[in-house]
Amino acid sequence: MKYVLVTGGVVSGLGKGVTASSIGLLLQSCGLRVTSIKIDPYLNKDAGTMSPFEHGEVFVLDDGGEVDLDLGNYERFLDVKLTRDNNITTGKIYQSVIDKERKGDYLGKTVQVVPHITDAIQDWIERVAAVPVDGKEGPPDVCVIELGGTIGDIESMPFIEALGQFSYRVGAGNFCLIHVSLVPVLNVVGEQKTKPTQHSVRGLRSLGLTPNILACRSTTALDANVKEKLSRFCHVPEENIVTLYDVSNIWHIPLLLRDQKAHEAILKVLDVDLSCIVSKPVLREWTARAQLCDMLNETVRVAMVGKYTGLSDSYLSVLKALLHASVACRRKLVINWVSASDLEDVTAIENPEVNRAAWNSLKSADAVLVPGGFGDRGVEGKIIAAKYARENNIPYLGICLGMQTAVIEYARSILGLENANSTEFDPNTTDPCVIFMPEGSKTHMGGTMRLGSRRTYFQNLDSKAAQLYGSQRFIDERHRHRYEVNPDMVLQLEKAGLSFTGKDESGRRMQVIELESHPYFVAVQFHPEFKSRPGKPSALFLGLIAAASGQLDLLLKKSVTKTNVFANGMSAGSPHRYGNGKSPVNGIYINGNGNGLHV
Ligand code: GLN
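For what it's worth, our numbering labels the leading residue of the sequence shown as 406, then goes sequentially.
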C-alpha cells in the first residue's frame, strides 16, 4: 500500500479537496486502484450535527455516514463508494480510545495523546486504506489522505504527529507528501511571492513532516525563477513543484496536473516502476468534458429556492448534479438563488424590494428546485415556490424537504386543508400531512435520522421518474430525514390527483411523488444528488434539465429503450468545487443572490 498525504498551508480554502481528488484521479488513470481518507480534526464525531451554513453540505454515504463534503468530491472524481470510516475525526478517534480505556484494554497504563491517540490514528488509516471501494476485490494500491485545516492548527497536532510517525512506519518509497500552498501575486507589480509558502513549509518541517511535492495555487503559472526560489528555500526539486493556476472550470485540474507530469513526480517518490503502469495518462473523457463545459452557450436557468442561498457549498452536491445534467443536455447552467423567506408575504410587507427581486428571480427561471433542509425558516416560501411551479407548469424537482413542502402545498391548495403542515413546523396542526417517523429520536440528534441507502419500489413503470431510471422496478438512493408523508393521508391526496409513484418495501413510506398532468413535477424523499457523477448524471436531475430545455420527450423516448444517450458516450460532467465554494473558482455560473460571476 502506498500513501499520498495532502496537507494545506498559508490559508484555508485553497481547494485541497479538489487537488487531492484530482491527484487520486490522475493515479487512477495510470492504472492504479485508489481509495481515499479525509481527516477532519474537529471534535464532532461526524458532520451530521454541523450547520451547512458554517461547514458546507453534509454528504451522505451508502452506509448512512454523514460526512464532510470532500468525500463527495472523492466519490465523484474516482467513481468509488466510500464508507463512514473513510472520514476520520478527532471525535471518532478519541471515542474509540476512550471506549477501549473503559473496557480495560490499556489496564495499568496512563492513556495519552502519544502513543495512544497517535497509534489509534495510524491503525485506523492502515485498516481503512485496505478496504476496496471500487467494487473489485483485494486492497487498493494507493490511499490518498487529505488532512483538513491548515498546518499549524492546534487541533490537527495529534494528526500531524501521527502522520509523521506513520511515514516512518510505512517507510520511504511508500509515502508521498504533497503540500498545497498559495503563491500570492501582488497587484501593483504582478510579482509572485514565495515567502508564505516558505514559512508554511518551514512550519511543516518543524512538525516533523517533509514535503516531497509542492502544489502552488496562483493566478497564473509560476515563473521559472519563482520555482527555482521555492525549490531552494523549500528543498523540493523543481520538477516536483506544480502550479494550480486559475482555470475556467475545475475539470481542468486533473489535466493541469497531468500536463505538469505530477503523476511522474508522485510515482517516483512512491517508488512505482513506471514501466509496469500507464505512464502517460490520457484522461480522454475528462478532457472532453472540461472543453465542452467551456464551450456551452445556451443557458438553462434553475431557481434554487433554499435557505443558504449564495453559499454554493451548502448545496454542493445538488449543484454538481445540476451541472452533470446540464452538460449532458448541452446547456450552460445558470443558478438563480432565491432565498425562500424572501418569497413570503411578510417580506412583501416589510421589504417589498427584496420580495419583488425574489419573485423576479423565481419567474425568470426555466425550472425550480427546492433542496433538502431543516427548521422552519423559509418553509412557507418553499411551499409558495412549489405552488408557483405546479400552477404554471414550470419543471419542479423537490428533494426531501422539497417533497414534503410540495405535499403540504397540495393538501392546502387542492384538498383545501388550510392548516396542513409538517409536525416539524407545527406540532399541533389539525392536518399533519408530514409526520415524525416512529424510529427517530427527538432527544439525540447525532446519527438518529433515517440515513443512507434505502430501496424505492416504483408503483407504475410508466411514471416519468420510473422511466428516467430506465424503467427498473426498484432503485437504491440515499436518505437523510426524520419526517415522512403521513401514510394515513395518502389515499386522500391520491384521490385528489397526487401520484405516489415510489414507495419503500412496506408500501407505507412515500418516496416519490409526481403530478401526471404537469410537464415535470417530481419530488423525492431521498437525495439523488449524492450519486450523480460526471458523465453519469442523476436520472431525476437529467429529467429536470431536459424538461427545462425542451428535451424531455426525447429523453423519455430514449429511456424506454433503457439506453440513456444523455449519459452514455457523451461528455457530461461536473464543475468540481475548487476552493471552498466561497471562492470565485468553482466552475458554476451563479447569479441572483450569488456573486453574479462566471465562477
Ligand atoms: N427536515 C425534514 C426531515 O427531517 C427534511 C430533511 C431533509 O430535507 N434532508 O424529514
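We treat Cβ as the ideally placed atom computed from N, Cα and C, and that holds for glycine.
Here the structure is a predicted model, which is why all the values come from computation and not from measurement.
Query                                                                                                         : Result
Selection from L430, E506, Y479 and G413 that minimises the alpha carbon distance to G608                     : G413
Three-state secondary structure assigned by DSSP to V705                                                      : strand
Buried versus exposed call for F580 [16 or more other C-beta atoms within 10 Å across all chains shown]       : buried
The beta strand (DSSP E) enclosing Q517, as first and last residue numbers                                    : Taken as a continuous stretch (DSSP letters only), Q517 belongs to no beta strand (DSSP E), as it is neither H nor E.
Length-filtered (3 minimum) beta strand (DSSP E) runs lying within the stretch 738–826                        : 772–775 and 801–804
Backbone CA spacing between T523 and P537 [nearest angstrom]                                                  : 24 Å
D539 to P757 span [Cα, whole Å]                                                                               : 52 Å
Distance, I565 Cα to L866 Cα                                                                                  : 53 Å
Anticipated Cβ contact below 8 Å, D467 with R795, distance rounded                                            : Incorrect: roughly 32 Å between the Cβ atoms, too far for contact.
Endpoints, beta strand (DSSP E) assigned at F946                                                              : Segment A944 to A953 is the alpha helix (DSSP H) holding F946; no beta strand (DSSP E) there.
Cβ-heavy atom distance, R689 to ligand 3, below 7 Å                                                           : No copy of ligand 3 appears in this structure; the ligands present are ligand 1.
Backbone CA spacing between N449 and G557 [nearest angstrom]                                                  : 20 Å
Secondary structure of A577, DSSP reduced to three states                                                     : coil
Nearest residue (CA-CA) to D747, options S731, N765, C734 and A730                                            : N765
Enclosing alpha helix (DSSP H) for L410 [first to last residue]                                               : Where L410 is concerned, there is no enclosing alpha helix (DSSP H), although the beta strand (DSSP E) it sits in stretches over K407 to G413.
Where F458 sits in the DSSP three-state scheme                                                                : helix
Rounded straight-line distance, which links the Cα of D676 to that of H932                                    : 41 Å
Reduced DSSP secondary structure (H/G/I, E/B, other) of P837                                                  : strand
Contained beta strand (DSSP E) runs [length at least 3] in the stretch 612–681, N- to C-terminal order        : 618–623 and 646–650
Own chain partners of P457 with C-beta closer than 7 Å, once the 5 adjacent residues on each side are dropped : V463, Y713 and S719
Three-way DSSP call (helix, strand, coil) for I556 in this model                                              : coil
G940 beta carbon less than 8 Å from that of E690                                                              : yes
Per-residue DSSP class, three states only, for M562                                                           : helix
CA-to-CA distance, S623 to V590, given in whole angstroms                                                     : 7 Å
Collapsed DSSP secondary structure at N491 in the structure displayed                                         : helix
Inter-stretch contact (C-beta, 8 Å, three-pair minimum) for the stretch 768–784 and the stretch 800–809       : yes
Three-state secondary structure (DSSP) of V445                                                                : Reading off the sequence, residue 445 comes out as Asp, not Val. Reduced to three states, the DSSP call for D445 is strand.
Distance between beta carbons of A790 and A745, contact taken as under 8 Å                                    : 7 Å
Alpha-carbon spacing of G554 relative to G857, whole angstroms                                                : 27 Å
Backbone CA spacing between R982 and S653 [nearest angstrom]                                                  : Any reading at R982 needs caution, since the residue's pLDDT is 31, under 50, leaving its predicted position unreliable; the model's value is listed next. Each residue's alpha carbon lies about 12 Å from the other.
Buried versus exposed call for P843 [16 or more other C-beta atoms within 10 Å across all chains shown]       : exposed
Residues sharing a beta bridge with T548, DSSP                                                                : The question names Thr, but residue 548 in the sequence shown is Cys. DSSP, once it has assigned bridges, lists Y408 and T440 as partnering C548.
Which listed residue (V895, T599 and V519) has its alpha carbon closest to that of Q570                       : V519
Any non-hydrogen atom of ligand 1 closer than 7 Å to R887 Cβ                                                  : yes
Span of the alpha helix (DSSP H) around Y479                                                                  : D475 to L483
T828, DSSP secondary structure in three states                                                                : coil
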